[in-house]
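Just so you know, the protein sequences line up as chains A and B, in that order.
The numbering used here numbers the first residue of the first sequence as 527 and each following residue consecutively.
The numbering used here numbers the first residue of the second sequence as 29 and each following residue consecutively.
A virtual CB, placed ideally from N, CA and C, is assigned to each residue, including glycine.
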Amino acid sequence: AQSVTQLGSHVSVSEGALVLLRCNYSSSVPPYLFWYVQYPNQGLQLLLKYTTGATLVKGINGFEAEFKKSETSFHLTKPSAHMSDAAEYFCAVSGPSGGYQKVTFGTGTKLQVIP
Amino acid sequence: GAVVSQHPSWVICKSGTSVKIECRSLDFQATTMFWYRQFPKQSLMLMATSNEGSKATYEQGVEKDKFLINHASLTLSTLTVTSAHPEDSSFYICSAKDSQGQNQPQHFGDGTRLSIL
Chain A
527 AQSVTQLGSH VSVSEGALVL LRCNYSSSVP PYLFWYVQYP NQGLQLLLKY TTGATLVKGI
587 NGFEAEFKKS ETSFHLTKPS AHMSDAAEYF CAVSGPSGGY QKVTFGTGTK LQVIP
Chain B
29 GAVVSQHPSW VICKSGTSVK IECRSLDFQA TTMFWYRQFP KQSLMLMATS NEGSKATYEQ
89 GVEKDKFLIN HASLTLSTLT VTSAHPEDSS FYICSAKDSQ GQNQPQHFGD GTRLSIL
């Protein structure tokens, strides 16, 4: 079975600073990886996904993530934080067990942006 | 982009009543939809996988008779919380996968906040 671990339940950055949210996965075979964002009292919005191909994935709102097999990581980055980026971010994984249908979510990282 | 509509967004009801939540894929067909429950400040926990035209697959520990799922069409799945009690109060979120194409991600509804008095 696959799983993800998000390091840091809360991350604070200054407006304009680099955003780095960490995610490590555990899977015996190459998984599919996702980052979702959740604003208060809302569902989840897909930021980006990795399935196959290029390991550097660009998403919406200026976010990107790099799949590093050697480090089993899929960290989310954004060069310059904006106030509107304050939200909760979830890393997620799906794998061949269940035909890549079921997604397992990490525990989430709440991003605070300080003006 | 793919849109999933979830209704209602907020519901308050008395203990013992049943509540139905709808999840619709508006611009795509979804043979598979998912129902999640999210407790405050926690991650999403998969409750069940809803398959169009067949029985839902429930995760371990989720009561089938308590949380009834119906997926009667390619664009609609419903979750009915039967005889709801205060401990059922939570944020329920559905998601759907586009039936067309490989490697499609899940698209999420905006969730339903259920409060049982």
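Residue i classed as buried or exposed, judged by whether at least 16 other C-beta atoms fall within 10 angstroms
i: Ile640(A); result: exposed
i: Val545(A); result: buried
i: Lys92(B); result: exposed
i: Thr630(A); result: buried
i: Val583(A); result: buried
i: Trp38(B); result: exposed
i: Ser53(B); result: buried
i: Val563(A); result: buried
i: Met75(B); result: buried
i: Val619(A); result: buried
Reduced DSSP category for residue i - H, G, I as helix; E, B as strand; rest coil
i: Glu592(A); result: strand
i: Glu597(A); result: helix
i: Asn79(B); result: strand
i: Asn567(A); result: coil
i: Glu50(B); result: strand
i: Ser105(B); result: strand
i: Glu614(A); result: strand
Closer than 8 angstroms to chain A by CB, residue i
i: Thr60(B); result: yes
i: Ile121(B); result: yes
i: Gln88(B); result: no
i: Gln34(B); result: yes
i: Phe95(B); result: no
i: Pro114(B); result: no
i: Arg141(B); result: yes
i: Asp55(B); result: no
i: Phe136(B); result: yes
Residue-chain proximity (residue i, chain B), Cβ-Cβ < 8 angstroms
i: Gln528(A); result: no
i: Gly621(A); result: no
i: Phe560(A); result: yes
i: Leu573(A); result: no
i: Asn567(A); result: yes
i: Leu570(A); result: yes
i: Phe589(A); result: no
Within the segment 538-565 of chain A, ranges of the beta strand (DSSP E) (whole runs, at least 3 residues): 545-552 and 558-564
Residues of the segment 625-639 of chain A whose Cβ lies closer than 7 angstroms to any Cβ of chain B, in chain order
From the segment 625-639 of chain A, only Gln627, Lys628, Val629, Phe631, Gly632, Thr633 and Gly634 have a Cβ closer than 7 angstroms to chain B.
(Q) Against chain A, which members of the segment 69-83 of chain B pass a CB distance test of less than 9 angstroms? (A) If the cut-off is 9 angstroms between Cβ atoms, the segment 69-83 of chain B has Lys69, Gln70, Ser71, Leu72, Met73, Leu74 and Thr77 near chain A.
*In chain order, what residues of the segment 599-618 of chain A put their CB closer than 7 angstroms to some CB of chain B?*
Phe616
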